[in-house]
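Participant: Chains as they are written, first to last, in UniProt numbering: chain A, 1 to 123; chain B, 1 to 123.
Here it is: the structure, laid out below.
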DNA sequence: CGGAATCCTATTCGATACTG
DNA sequence: CAGTATCGAATAGGATTCCG
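Structure (structure tokens):
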């Protein structure tokens with residue numbers, strides 16, 4: 001019998017998820033699932049991200065094949081990012097995650113408060 | 001149907017997900033979903049994590065109410081971590097995520113190779 | 001056993017300036 | 001417009017030591 005060998009998360013799993021679930025990726029992917037976006041559109045859509053972080057996030061997502069980058073050679077240049085078919089398969093996992101977060105937001109806020117009170121009381 | 005129901009990820013959403021989807025949390029949660037574990041059991045189950053990172057991960061997950069910590073006052077002390085009811089609701093999102101990663105692992109590896117070749121070729 | 005404390009390095013990050 | 005380059009600050013992360 002396989003006692004606990006079911007869904008062990010190994011290094012490749014974790015590395016992959018780290019690349020796609022990082023701080024800004026979810027926001028970017030969620031945005032690009034709605035519609036293709038240009039660089040500054042994304043900045044406006046995710047106001048807290050800096051240009052530098054957005055750039056590296058986009059590169060990483062592109063490298064992993066979940067978004068693609070198209071350069072339109074106008075003056076000045078336009079760059080359009082869009083979700084790929086592979087990226088579209090992330091829609092469901094992301095939605096499940098967001099649904100969970102939305103549903104449990106208040107329960108978690110309560111847990112945090114309780115924890116912090118316990119901490120302050122010295123355990 | 002959510003036609004264009006903006007599932008905008010706001011700051012609270014992202015902060016919450018950052019706390020629960022970080023580098024080691026998935027592995028720890030996945031393990032604790034199987035059974036309660038003691039500290040060093042978790043270390044063995046997730047061999048790459050350091051004691052320091054495991055400690056902070058556990059604290060954070062406890063603060064967010066998804067796991068709980070029980071101290072058994074023996075000599076020497078035993079500490080047992082277990083998933084909470086709230087934490088159990090993470091089982092589905094995590095499974096969806098792992099399923100996605102497993103299914104698309106090779107497609108992503110291929111995308112990375114293609115990207116790296118393009119890079120090397122100077123775009 | 002289950003950490004806390006300390007030290008130290010490495011990576012990340014924001015801010016700023018510049019460019020095709 | 002869509003970045004690149006750079007620098008210093010902040011933060012994360014590993015290794016080690018020690019303690020109840």
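Beta carbons: idealized from backbone N, C-alpha and C, even for Gly.
Computed from a prediction, not measured in an experiment: that's the story for all the values here.
Note down the Cα distance separating residue 125 of chain A from residue 70 of chain A, rounded to an integer number of angstroms.
Facilitator: As shown, chain A starts at 1 and ends at 123. That puts residue 125 of chain A outside it, with no answer to give.
Participant: Quick one: what's got a C-beta closer than 8 Å to residue 84 of chain A's C-beta in the same chain, skipping five residues either side?
Facilitator: Walking along the first chain from the start, residue 84 of chain A turns up at place 84. Taken in chain order, the residues that qualify are 65, 66, 67, 68.
Participant: In chain order, what residues of the stretch 63-83 of chain B put their CB closer than 9 Å to some CB of chain A?
Facilitator: Cβ contacts with chain A come from 63, 64, 65, 66.
Participant: Return the chain-ordered list of same chain residues with a C-beta closer than 6 Å to the C-beta of residue 100 of chain B, the five sequence neighbours on each side being excluded.
Facilitator: For the purposes of this step, residue 100 of chain B is taken as residue 100 along the second chain, with counting starting at 1. Hits under 6 Å: none found.
Participant: Excluding the 5 residues preceding and the 5 following residue 114 of chain B in the sequence, name in chain order all residues of the same chain whose CB lies nearer than 7 Å to its CB.
Facilitator: Sequence index remark: in the second chain, residue 114 of chain B carries index 114 (1-based). Closer than 7 Å at Cβ, skipping near neighbours: no residue.
Participant: Note the first and the last residue of the continuous beta strand (DSSP E) segment covering residue 9 of chain A.
Facilitator: Position 9 of the first chain, counting from 1, holds the residue named residue 9 of chain A. Per DSSP, residue 9 of chain A belongs to no beta strand (DSSP E) and is neither H nor E.
Participant: For residue 92 of chain A, count neighbouring Cβ atoms within 10 angstroms of its own Cβ and tell me buried if that reaches 16, exposed if not.
Facilitator: Counted from its first residue, the first chain places residue 92 of chain A at position 92. Flag for residue 92 of chain A reads exposed.
Participant: Output, in chain order, the set of chain A residues within a Cβ distance shorter than 7 Å of residue 43 of chain B.
Facilitator: Here residue 43 of chain B refers to the residue found at position 43 when the second chain is read from its first residue. Within 7 Å Cβ-Cβ: nothing; residue 43 of chain B doesn't reach chain A, min ~15 Å.
Participant: For residue 80 of chain A, I'd like the list of residues in its chain whose CB is within less than 7 Å of its CB, leaving aside the five on either flank, ordered along the chain.
Facilitator: By 1-based counting over the first chain, the position of residue 80 of chain A is 80. Excluding residues within five positions, the ones whose Cβ falls inside 7 Å are 36, 38, 70, 72.
Participant: Quick one: is residue 23 of chain A near chain B, going by C-beta distance under 8 Å?
Facilitator: In the first chain, residue 23 of chain A corresponds to position 23, counting from 1. Taking Cβ atoms only, chain B reaches closer than 8 Å to residue 23 of chain A, which makes this a yes.
Participant: Would you list the one or two residues that DSSP bridges to residue 38 of chain A?
Facilitator: To locate residue 38 of chain A, count along the first chain from 1; it is residue 38. Note: residue 38 of chain A sits in a beta bridge opposite A/80.
Participant: Alpha carbon to alpha carbon, how far is residue 22 of chain B from residue 22 of chain A? Give it in angstroms, no decimals.
Facilitator: What you label residue 22 of chain A is simply residue 22 of the first chain in a count that begins at 1. What you label residue 22 of chain B is simply residue 22 of the second chain in a count that begins at 1. In a straight line, the C-alpha of residue 22 of chain A is about 8 Å away from that of residue 22 of chain B.
Participant: At least one CB of chain B closer than 8 Å to the CB of residue 121 of chain A: is that the case?
Facilitator: Reading the first chain from its first residue, position 121 is the one you call residue 121 of chain A. No, residue 121 of chain A does not count as interfacial toward chain B.
Participant: Grouping DSSP H, G and I as helix and E and B as strand, with all else coil, what is residue 91 of chain B?
Facilitator: Taking the second chain and counting its residues from 1, one reaches residue 91 of chain B at position 91. Correct three-state label for residue 91 of chain B: helix.
Participant: Between residue 135 of chain B and residue 74 of chain B, what straight-line distance do the alpha-carbon atoms span, to the nearest angstrom?
Facilitator: Outside the modelled stretch of chain B, which goes from 1 to 123, sits residue 135 of chain B, for which no answer is possible.
Participant: Can you find the residues in the same chain that come closer than 8 Å, C-beta to C-beta, to residue 56 of chain A, ignoring five residues on each side of it along the sequence?
Facilitator: Here residue 56 of chain A refers to the residue found at position 56 of the first chain. So no residue of the chain qualifies.
Participant: Closest by CA to residue 12 of chain B, which one among A/63, A/16, A/108?
Facilitator: Mapped onto the second chain, residue 12 of chain B falls at position 12. It is A/108 whose Cα lies nearest to the Cα of residue 12 of chain B.
Participant: Between which two residues does the beta strand (DSSP E) holding residue 69 of chain B run?
Facilitator: If you number the second chain from 1, residue 69 of chain B lands on position 69. Unbroken beta strand (DSSP E) run through residue 69 of chain B: 67-72.
Participant: What residues of chain A sit near residue 32 of chain B, judged by a beta carbon separation below 7 Å?
Facilitator: By 1-based counting over the second chain, the position of residue 32 of chain B is 32. Here the premise fails: no neighbours, minimum Cβ distance about 12 Å.
Participant: Find the nearest neighbour of residue 58 of chain A within the set A/122, A/42, A/18, judged by alpha-carbon distance.
Facilitator: Within the first chain, residue 58 of chain A is the residue found at index 58, counting from 1. Checked all of A/122, A/42, A/18; the closest Cα to residue 58 of chain A is A/42.
Participant: Quick check on the DSSP output: the alpha helix (DSSP H) that includes residue 75 of chain B runs from which residue to which?
Facilitator: Here the question's residue 75 of chain B lines up with position 75 in the second chain. Note, residue 75 of chain B: premise wrong, no alpha helix (DSSP H); not H, not E.
Participant: According to the neighbour-count rule (16 or more other Cβ atoms, all chains shown, within 10 Å of its Cβ), is residue 44 of chain B buried or exposed?
Facilitator: The residue labelled residue 44 of chain B in the question sits at position 44 within the second chain. The residue in question, residue 44 of chain B, is exposed, as its Cβ has fewer than 16 Cβ neighbours within 10 Å.
Participant: From what residue to what residue does the alpha helix (DSSP H) around residue 50 of chain B run?
Facilitator: Here residue 50 of chain B is taken as the residue at index 50 of the second chain, counted from 1. Careful: residue 50 of chain B lies outside any alpha helix (DSSP H) and carries neither H nor E.
Participant: In or out: residue 120 of chain B buried (at least 16 other Cβ within 10 Å) or exposed?
Facilitator: Counted from its first residue, the second chain places residue 120 of chain B at position 120. When all chains shown are included, residue 120 of chain B counts as exposed.
Participant: I need the DSSP call for residue 18 of chain A, collapsed to helix, strand or coil.
Facilitator: The count along the first chain starts at 1 and reaches residue 18 of chain A at position 18. In this structure, residue 18 of chain A counts as helix in the three-state DSSP scheme.
Participant: Should residue 87 of chain B be labelled buried (16 or more other beta-carbon atoms within 10 Å of its own) or exposed?
Facilitator: For this step, residue 87 of chain B is matched to residue 87 along the second chain. Answer is buried; the Cβ neighbour count reaches 16.
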